[in-house]
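In this note's numbering, the protein residues as written are 1 to 469. Idealized CB from N, CA, C, for every residue including glycine. The block underneath contains the structure these notes are about, expressed in structure tokens.
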Amino acid sequence: MNLSLHNTMTRTIEPFEPVEKPVVRMYCCGPTVYNFAHIGNLRTYVFEDVLRRTLEYAGFGVKHVMNVTDVGHLTDDGDDGEDKMLKSSKETGRDVYTIARMYTDAFFRDTDALHILRPHIACRATDHIQDMIALIKRLEAKGHTYVSGGNVYFSIDTFPRYGELARLNLEELMSGARIHVDENKRNPKDFALWFTNSKFENQVMVWDSPWGTGYPGWHIECSAMSMKYLGDSFDIHCGGIDHIPVHHTNEIAQSEAATGKRWVKYWIHGEFLINETGKMSKSKGEFLTLSVLQDKGYDPMDYRYFCLGGHYRSQLVFSWQSMDAAKNARRNLVRQVQSLKREAPQGATMLSDAAKEYLRVFAEHLGYDLNAPRGLADMWNLIKDDSVPADEKLACLYDMDRILGLGLAGIEVVEEYSESIPEGIQALVDERLEAKRNKNYHRADELRAIVEKAGYKLKDTPDGTLVTK
RNA sequence: GGUGCCGUACCCAAGUGGUAAGGGACAGGUCUGCAAAACCUCCAUGCACCGGUUCGAAUCCGGUCGGCACCUCCA
């Protein structure tokens, strides 16, 4: 199977060749655990999951590392925002470590529900402070840092290729146009590696360092942890598109300045989920979480299906209408699978050329920059092809689902059964059945109307009448 | 001000110069007394608009209009 991926560094779709076969090393920017993940956040993890599964489908081993940011980041990069963990702590009256644990658990509950494979290593920032300090010391030794106003800064003027990923034009950038420039910085684009002299009251997340007691800047953790677990150079770094201009740009600067080597070979970024009013954010508008969707009657797989329906590099517009479309589509898919399972409980072990062709096309589409929407279309085309026998269809669907992750193999073929219903209703149902036997259809329809008005649905089968709410 | 993306049917959405995938909804039909389910059919001579290149353009180029994102914490 051929695999090509869009690399943000070159803005082109490149053939994928791992740095060192056979294992692909990938690092994904993880959550900041100060609040629940909203469905926009989760879209990115679904895309990363498709990426990992496609790599595995293509026969690569994958070492997947993700950070969990449990140390407070400033609410902006200007050193005058609020600490998000602390803010959340104040609002809820819980200590910061409790908050971090709580939202970390919630995050993995959501990703598990979405069939997102867990990273092999999920590393907490607070467990790696010493690694960050060591990295800052390396940068210091090479002359990339300076101390000003109690903080340690990275000097971007010492790294000529700064801004390459985002294609920043440093001369023309209106630095500080929207945030006031930190007077401690020599260059407005310099960024903090280590803060001391916390200005926050009750700052509990502080550590000793050569520069004084304080806490790390918000880019250093990803560099320190990714290199610790994946080495100085690795294959893939991914995350949301918003990370390109600042976070990933700064990570590249500090990582490559420290090692003198190319840090990451492929940069892969997922676009945003937006709603009708624009971006979905934690601080604006309706805060949509997976739980909210579930409360409204959607299965987490409905949301995964919804995400798969759009390409990861395109903005996807969320709406309830689209959610319903995904839900209905998946319901139909489940019914198809159930029907195939009844017909052929065992999937085929040998495939005909026709069936293999569907898998080939599917792999081609996923292999060309993860075109999941076409993958779904391929799946439907297979389902509708009468020339492919049921057992082969099922085997192919399971194979496709190794990437799609919709849990098709786990779908149970349940016999329909009547729900427990009040005696009064049951009596009416029985009476209707009796009327039907006597071919008194007028009476039968009257009874159907009465029962349905009471909120029940009737479904006649050869074995009797099914009653459901 | 800078950077980038997008505009495809009623809705979502794919489309890698060679004649518009797929899903949902709607409508019609087959089948069951009715209903439900299932299955079948229908659903863009056209891809925001105007030019251009080409044998050929949704795809490339230029322009116009409209929308969005990023450059502030965010995936």
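- Per the DSSP secondary-structure output, HIS64 pairs in a beta bridge with MET26.
- Only buried fits TYR153, as 16 or more other CB atoms lie within 10 angstroms of its CB.
- Here DSSP, grouped into helix, strand and coil, assigns GLU14 to strand.
- Around the Cβ of LYS189, a 10 Å sphere holds 16 or more other Cβ atoms; the residue is buried.
- The shortest CA-to-CA distance from ALA257 to any of ASP105, SER233, ILE241 is the one to SER233.
- Beta-bridge analysis with DSSP links THR69 to THR32.
- Per DSSP, the unbroken alpha helix (DSSP H) holding ARG109 starts and ends at 96 to 113.
- Take GLU56, set aside five residues on each side of it, and the residues of its chain with a beta-carbon closer than 7 Å to its own are VAL62, in chain order.
- Annotation for SER322: the continuous alpha helix (DSSP H) segment containing it runs 320 to 343.
- Annotated three-state conformation of LEU406 is coil, per DSSP.
- In the structure shown, VAL388 adopts coil according to DSSP, grouped into three states.
- The shortest CA-to-CA distance from ILE220 to any of THR465, PRO422, GLN130, ASP445 is the one to GLN130.
- Looking at the backbone, the Cα of GLY424 and that of ARG304 are separated by about 41 Å.
- Beta bridge pairing from DSSP links LEU308 with no other residue.
- HIS120 and PRO462 have their C-alpha atoms some 51 Å from each other.
- In this structure, ASP110 lies away from LEU406, with their beta-carbon atoms at least 8 Å apart.
- In the structure shown, TRP211 falls within a coil segment according to DSSP collapsed to helix, strand and coil.
- Taking 8 Å as the upper bound for CB-CB distance, GLY217 and GLY240 are not in contact here, some 19 Å apart.
- In this chain, ALA166 is not harboured by any alpha helix (DSSP H), its DSSP state being neither H nor E.
- By the Cβ criterion, the stretch 3 to 23 is in contact with the stretch 367 to 382, since at least three pairs of Cβ atoms, one from each stretch, lie closer than 8 Å.
- In terms of Cβ geometry, ASN67 and CYS222 form a close pair [threshold 8 Å].
- Membership of LYS436 in the alpha helix (DSSP H) is indicated by the continuous run 423 to 437.
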